[in-house]
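Written below as C-alpha cells is the structure these notes are about.
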Amino acid sequence: MASNESGNFQSVVGGFFFGEINENLVFPFPHFSDSQVEIAKEMTSAIDQFAKDNINGEKFDTESHIPDEVIKGLGEMGILGLAVPEELGGLGLDYTLYCRVFAQVAAHDASVATMVGAHQSIGYRALINEGNDIQKKKWLPLLATGKVIAAFCLTEPGSGSDAYSIKTKAVDNNDGTYTLTGQKLWITNGGLAGFYSVFCKTDHVVDGKTVEKISCFIVEKERAGISFGEKENKMGIRGSETRAVYFDKVIIPKENILGELGKGFKIAMNVLNSGRLSLGAGCVAGMKTILKLSAEHATNRKQFDRPIAEFGLIQSKLSKMAEMTYAVESVVYLSTGNMTKGMNDYYMETAVCKVFGSECLWQTIDMGMQIAAGNGYMKEYPYERIMRDSRIQLIFEGTNEILRCLLALSGVRGPSEDMKELGKISEVSSALQDPIKSLGVFTKFARKRISNMMGSKHLTKAHPELKEQAEKFSSCLGKFAIAVEDSLIKYGKKIIDNELPQGRLADMVIDLYVMCAVISRTTSILNSSKATQDQKDYVLRMTKQICKDSRRRFTRNAKSMAKNSDKAVIKISESVVKYGGYGLDIIDF
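Given below as C-alpha cells:
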C-alpha cells in the first residue's frame, strides 16, 4: 500500500484486499538487531531465574491468587513497565522486544501473564497513547514499577463486543468535575488496581442536539463511591483477579480526562488493537511450552518396546504442533517489525495475530493432551491447567468471531470505495443509458480483474527453494481480490449483515498473511550464515507444509464463496433456537 498522509505506511493485510503486496514491507523479515538480541537474552534469562524461584503456576491456580511479593518482584525487574519511556521509570522497549519479553512471562504461567498484560498492554496503554505530560509524569513512574497496578474498564453486563452500548456515564457538573455512575464487568486486576482507565458516555451538543459519545477517564481507587464484586470463580487463569467494579456517583476532576472528550471509542479500540499483539506473543510461548512437554513425553514414553515418538499418528501431531508454532511466531514478529518501522494501520495485523494465534494454541494443547493421554487428564501434570488457561484466549480482547467480522468489513471498505463508480452503473439497464461512460469504467475494472486472475503480484524476493510456494501465494492473492469484488457486487451494503461470507474472507486473508510471513522468515533463515543446515532443512520443510495447509484452507473458502450451504446452516440454526436445543429424542422417532 502507498504511504498515508502522516507518512507512515499502511497495513500489509489491508493491501491484500486490493490484491496488492508491497514486498519491501515483507522482505527482509524483521529479525532482531544485535542490541535487541542482547537485551532479549538478558531479560528472558532473568525472567527464567525469577520464575524458577517465585512462580508456581500450580499453586497460584489452586489458591486463586498471585502473591504480592511476585508482583513486587516483577515491578523491580521492570516487567511492569516494558513500554514506559526510560525517563519515566520504564524500559522503553519497542513492540518486538515488548512481545518477546512478555512471551517469556507467559511461558511460565498464564495467570501471571494475564495480570501483567491487563496492567500494561491494556490497563495503562491509553495513558501512554493519549495522556498529557502532567498525567504521564504523575502516573507512569508508579505504574512502571508496580507500586500502582492498572485495570482496563470497558466491558459491562449488557455490553461486550458492542462497546458503543455501554451505559456507564460521566455527567459534567460544570464546576471542573464529573460524576461517574455505572458498573464494569469481568475486569482483570479489578480489586488489585489503583489506576482505572474507565470508558463511559458523556453528553455533547452536535447541531443543537445533545448526543452521547464515549470518553475515557483516569479513576483512582481511593475515590469515594468505588466498590467491587466478589472475585470471579473462573475456569482458568485462576491466579489472576477478575471482578466487577462499581462506580456510584464518583466525583472525578476534569484533569483526569484521557485524550479528547468524545473520542473514547477510538482510544479503546487503539488500546485493544495493540493489546492483541502481546496476546499473540503469549500464545507462541504457550505453544512452545506444550510442544516441549509433548516432545519429552513422546521420547520417554514407550509402547511395544518403542518410544511413541516413532509412531506415525504421534509424529503427525508433533509435526503439526511445530508448524503452527512457527507460523504464529512468524506472523507475530512480522507484525511487530512493521509496527516498529512505522506501520500506522496495524489493527488488521494484530487481529490476525490474536485469532490465528489463539486457535493454533488451542489446537496445540488439544494435541498435546492427546499425546500425554491419561497423564494429560490428571491434575498432577500441567496439561489440564494449561488447557483451562488457554481457552480464554479465543474470547477476551475481542472474540474471534467479532474479530473475523472486523477483518472482513474493514478490509472490504477500501475496495468498495474503488467500486463506487462501477456500482452506480452495475445494472445493465443503467449501463445502457450511458454506454460510453460505462465502457470506460468497465474496461478499467476488467483490466484489474484480469490482472488479479493472472496473479500478477509476484513475490520476487522469496528464496529459490520457495519459488513454488511464492507463485501459489501470488495466485491466491489474485483470487482473493476477485472474491472481495464478487462479494461486494453480490451483497453490496448488505455484506454487513452476512457474517458467513465475512468469516470466509477473514479466514482467507489470515491464510494469505500466514503464507507471506513464513515465506519471508524462511527466506531470511535460508540466506543466513547463523543457521545450521539442519535448521534450514527443518524450517524449509515446515514452511512447505504450512503453505500447503494454508492454501488448502484458502481454496476451500474461495470455492465456498460461490457455492455453499449457508441457507441450510441458517435454517438449521433457526430450528435449534425454535426448539430450545436439539429438539429430538430417539424415543419419539
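Residues in the sequence shown are numbered from 86 upward in steps of one, following my numbering.
Backbone N, C-alpha and C fix where the C-beta goes; we use that ideal spot for every residue, glycine too.
Rounded Cβ spacing between residue i and residue j (contact assumed at less than 8 Å)
| i | j | result |
| --- | --- | --- |
| Gly160 | Ala168 | Their Cβ separation, rounded to whole angstroms, is 14 Å, which puts Gly160 and Ala168 out of contact at 8 Å. |
| Cys445 | Gln554 | Actually they do not touch by this definition, with Cβ atoms about 19 Å apart. |
| Leu228 | Gly142 | Not a contact, Cβ separation roughly 25 Å. |
| Ala394 | Ala383 | 4 Å |
| Leu173 | Lys232 | At roughly 13 Å, the Cβ-Cβ gap does not stay under 8 Å, so Leu173 and Lys232 are not in contact. |
| Ile151 | Gly314 | No, Ile151 and Gly314 are not in contact; Cβ-Cβ is about 19 Å, not under 8 Å. |
| Leu239 | Phe284 | 5 Å |
| Phe62 | Gly267 | Past the edges of the chain, shown from 86 to 674, lies residue 62, and the structure says nothing about it. |
| Tyr180 | Thr421 | 4 Å |
Member of the options whose CA lies at the smallest distance from the CA of residue i
| i | options | result |
| --- | --- | --- |
| His543 | Glu584, Lys232, Thr253, Phe558 | Phe558 |
| Phe101 | Gln618, Ser118, Met593 | Met593 |
| Lys564 | Leu597, Tyr576, Asp451, Thr545 | Leu597 |
| His193 | Gly367, Ile655, Tyr431 | Gly367 |
| Lys157 | Ile234, Ile655, Cys561, Ile574 | Ile234 |
| Ile336 | Arg323, Asn258, Tyr462, Thr425 | Asn258 |
| Cys301 | Thr264, Gly267, Ala211 | Ala211 |
| Gln365 | Val437, Ala125, Ser613 | The question names Gln, yet the displayed sequence has Gly at residue 365. Measuring from the Cα of Gly365, the nearest candidate turns out to be Val437. |
| Lys286 | Tyr249, Lys439, Met320 | Tyr249 |
| Met200 | Tyr576, Gly360, Ala457 | Gly360 |
| Thr545 | Gln95, Gly99, Leu110 | Leu110 |
| Ala255 | Gly276, Asn107, Leu346 | Leu346 |
| Thr484 | Lys439, Glu502, Met454, Leu494 | Lys439 |
| Asn318 | Leu625, Asp146, Asp634 | Asp146 |
| Ile477 | Trp271, Gly422, Glu108 | Trp271 |
| Leu182 | Ala195, Glu154, Val122 | Val122 |
| Met454 | Thr425, Asn355, Tyr468 | Tyr468 |
| Leu376 | Ile471, Gly666, Met354 | Ile471 |
| Lys648 | Arg589, Asn429, Val186 | Arg589 |
| Pro392 | Ile456, Asp430, Ser420 | Ile456 |
| Ser572 | Glu556, Cys601, Ser635, Lys644 | Lys644 |
| Met354 | Met320, Ser282, Glu307 | Ser282 |
| Gly216 | Ile322, Ala329, Ile352 | Ile352 |
| Arg328 | Glu486, Ala493, Gly442, Lys269 | Lys269 |
| Pro500 | Ala131, Ala566, Met128 | Ala566 |
Exposed unless 16 or more other CB atoms sit within 10 angstroms - verdict on residue i
| i | result |
| --- | --- |
| Glu659 | exposed |
| Arg641 | exposed |
| Gln388 | exposed |
| Asp31 | Beyond the ends of the chain as shown, which are 86 and 674, falls residue 31; an answer cannot be given. |
| Arg489 | buried |
| Val97 | buried |
| Leu343 | buried |
| Gly427 | exposed |
| Phe103 | buried |
| Ser404 | exposed |
| Gly92 | Caution is warranted here: a pLDDT of 42 is assigned to Gly92, below 50, making its placement in the model unreliable, and no coordinate value can be reported. |
| Pro586 | buried |
| Asn423 | buried |
| Met646 | buried |
| Phe237 | buried |
| Gly120 | Sequence check: residue 120 is Ser here, not Gly. Exposed, because fewer than 16 other Cβ atoms sit within 10 Å of the Cβ of Ser120. |
| Thr528 | Unreliable placement is indicated for Thr528, whose pLDDT of 41 sits below 50; no coordinate value is reported for it. |
| Arg606 | buried |
| Pro115 | buried |
| Arg637 | exposed |
| Lys522 | Because the pLDDT at Lys522 is just 41, under 50, the model does not fix this residue reliably, and the value given afterwards should be weighed accordingly. Exposed, by the Cβ-count rule. |
| Thr295 | exposed |
Extent of the continuous alpha helix (DSSP H) run through residue i
| i | result |
| --- | --- |
| Phe441 | 432-457 |
| Ala380 | 349-385 |
| Ser404 | 397-426 |
| Thr287 | Per DSSP, Thr287 belongs to no alpha helix (DSSP H); it is in the beta strand (DSSP E), 280-291. |
| Ala229 | 218-229 |
| Ala198 | 195-201 |
| Ala211 | 210-215 |
| Asp474 | 468-475 |
N- and C-terminal bounds of the beta strand (DSSP E) containing residue i
| i | result |
| --- | --- |
| Leu270 | 262-273 |
| Ile303 | 294-305 |
| Arg328 | 327-338 |
| Ile311 | 311-313 |
| Ala255 | 254-257 |
| Ala248 | Element bounds for Ala248: n/a, residue is neither H nor E. |
| Phe481 | Phe481 -> no beta strand (DSSP E), and no H or E assigned at all. |
| Ala236 | 235-238 |
Cβ-heavy atom distance, residue i to the ligand ATP, below 8 Å
| i | result |
| --- | --- |
| Pro392 | This structure lacks the ligand ATP, and indeed carries no ligand of any kind. |
Legend entry - Contained alpha helix (DSSP H) runs [length at least 4] in the region 99-180, N- to C-terminal order: 119-139, 142-148, 153-162
Inset, instruction - Could you pull out every unbroken alpha helix (DSSP H) segment of at least 4 residues lying fully inside the region 610-660, listed in chain order? - result: 618-647
Inset, instruction - Within the region 549-594, note down every full alpha helix (DSSP H) run reaching 4 residues or more, in order along the chain. - result: 552-576
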